[in-house]
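**Student:**
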Amino acid sequence: MEESFGALYIAYSIVWLGVFAYLAYMYLRQHSIDKDIRSLKEEVSKHVK
Amino acid sequence: MDKSKLGRIILVGAAILMLLTTYLAVIYVPLPQTSVKSADKILSSVEGSRIRVAGFVSDILNLPREFNPAQVIRFSLADFSDYQRYLAAAMVDQLDSQWWTVRPIDVEIYEVPKLMLAGIVDGPQDFIKGTNLSVLARVMDKGIGSNSNVTGFSLETSSWNDVTIGTSPGQFGIMTAPVAQKIFYFHMPSAWVSYLAFFVTLIASALYLKTRKIKYDRWAFCSAELGVLFSTIAITTGPVWAKQEWGVYWRWDDTKLVTTFVLWLVYIGYLMLRASMTDTGTRARVGAVYGILGFVTVPMSLLSSRVAPLLQSSHPQVIASNSGSLSPEAGMTIGIAIIAFTLLFITMLIRRVEIAESEEELEELKRTIGGED
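For the record, the sequence lines run as chains A and B. Here this note's numbering is used: the first residue of the first sequence is 134, the next is one more, and so on. Here this note's numbering is used: the first residue of the second sequence is 167, the next is one more, and so on.
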């Protein structure tokens, strides 16, 4: 029975970690893109001036 | 309402439903009963009563060649995860412990055991390793292992003809690992959402080829990426359950498992192929054709357990056929889990498409600046 509970914990952890890892990946990716876009736009506006 | 705010609300809703699913699966849904009943409960309820057990001799050292009535012996009773495979292996003398686990059980023999091999019932014979054994016995010790079952017994029988041996423990209403069965409430919705994601990829790819609008390519790619995420979850939680239920993590001769693995590889290939291309138009065109052709693996995986009698598969057919039976509690829990995963997929897909749009905006900006320089 203990072995079965262990398997249950492992499987549920895979699900939750998998989903949260992907959500975290999306958040970080968006954050990084927004930062890059902001800095590029700032650079462009400096050149325009 | 603001689109991102709506997305956040749906995401929170999906998360709440997933938490609810976890609670229902672990606490609310009782251990599999009726069709799937706890082996421990069965064994404690039959302790002291006569049961007919069917197994095979796995250890001849402790087994006398001749039985005396009322003799108490201990023999190993097999948990057949797949009796047909066992028989096939027995016929070619290639028995090993791959397809079953063996538990010791103390029984009091009431009748001289008879032997069955390959379905032929003979009179008492010498026992050899791997010989199929059927015996009317009384359980003397319920302690045959907390995570074990007795596959193929019927209560209070008096005729040898009552012995039934099936192709899986589930056929006898017994799960080898009733606790691990709760993995089903996340494993199956993950697989379902991956099929849905690949279907979205198919539709978006077809729309791209028809209209050549890049937004459809974006949807196809993002959906495929999420499909790979959820199929990875399904393909990793499945073996964790299989190890408990079947005794092995994986079976390369099981059609459901192999076709699902192929499906997973095909869409990994889709992502890798796209990553290797730099030209947007070529990438979208090749990706769309691949996304359409690759979808053929989805019905292959989805329907492989439905045609299990024709193609070897021990994978449960709960949703893929009308032969599955779930208790109302289990049905409600799996329903909520499917809604939760579907909502989660929709919000993640919308968010992922927004990120892809931002990525393209960034690339465009870089190209513009590069061109000006």
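We put the beta carbon where it would ideally sit given N, CA and C, even for glycine.
Go ahead and pull the three-state DSSP assignment for residue 444(B).
**Tutor:** The answer is coil: DSSP assigns residue 444(B) none of H, G, I, E or B.
**Student:** Determine the burial state of residue 176(A): buried for a count of at least 16 other Cβ atoms within 10 Å of its Cβ, exposed for fewer.
**Tutor:** Answer is exposed; the Cβ neighbour count stays below 16.
**Student:** Going by C-alpha to C-alpha distance, which of 464(B), 395(B), 409(B) and 360(B) sits closest to residue 138(A)?
**Tutor:** Selected option, being the one with the closest Cα: 409(B).
**Student:** In three-state terms, what does DSSP make of residue 167(A)?
**Tutor:** Looking at residue 167(A) - three-state DSSP - the assignment turns out to be helix.
**Student:** Note the first and the last residue of the continuous alpha helix (DSSP H) segment covering residue 374(B).
**Tutor:** Segment 350-377, the alpha helix (DSSP H) holding residue 374(B).
**Student:** Between the beta-carbon of residue 368(B) and the beta-carbon of residue 458(B), is there less than 8 Å?
**Tutor:** Contact: yes.
**Student:** Just verifying my parser: in three-state terms, what is the DSSP assignment at residue 417(B)?
**Tutor:** Here residue 417(B) sits in coil by DSSP.
**Student:** Leaving aside the five residues before and after residue 517(B) along the sequence, list all residues of the same chain whose C-beta is less than 7 Å from its C-beta, in chain order.
**Tutor:** Excluding positions up to five away in sequence, the list reads 173.
**Student:** Any C-beta of chain A within less than 9 Å: which residues of the stretch 522-533 of chain B qualify?
**Tutor:** The residues in question are 524, 525, 527, 528, 531 and 532.
**Student:** Rounded to a whole number of angstroms, what is the C-alpha to C-alpha distance between residue 151(A) and residue 170(A)?
**Tutor:** One C-alpha to the other measures close to 28 Å.
**Student:** When DSSP labels each residue in this structure, what does residue 195(B) get in the three-state scheme?
**Tutor:** In the structure shown, residue 195(B) sits in coil (DSSP, three-state: anything other than H, G, I, E or B).
**Student:** I'd like to know if the stretch 181-193 of chain B and the stretch 498-506 of chain B are in contact, where contact means that at least 3 CB-CB pairs between them fall below 8 Å.
**Tutor:** Touching, yes, given that three or more Cβ pairs across the two stretches are closer than 8 Å.
**Student:** Taking 8 Å as the CB-CB limit, is residue 161(A) close to chain B?
**Tutor:** Judged by the 8 Å Cβ criterion, residue 161(A) is not in contact with chain B.
**Student:** So residue 349(B) contacts chain A; which residues on that side make the cut at Cβ distance below 8 Å?
**Tutor:** Ordered by position in chain A, the residues that pass the 8 Å Cβ test against residue 349(B) are 140, 141, 144 and 145.
**Student:** Chain A beta carbons: is any one of them nearer than 8 Å to that of residue 440(B)?
**Tutor:** No, no contact with chain A.
**Student:** Residues of chain B with CB closer than 8 Å to the CB of residue 178(A), please, in chain order.
**Tutor:** The contacting residues do not exist; residue 178(A) stays about 12 Å from chain B at best.
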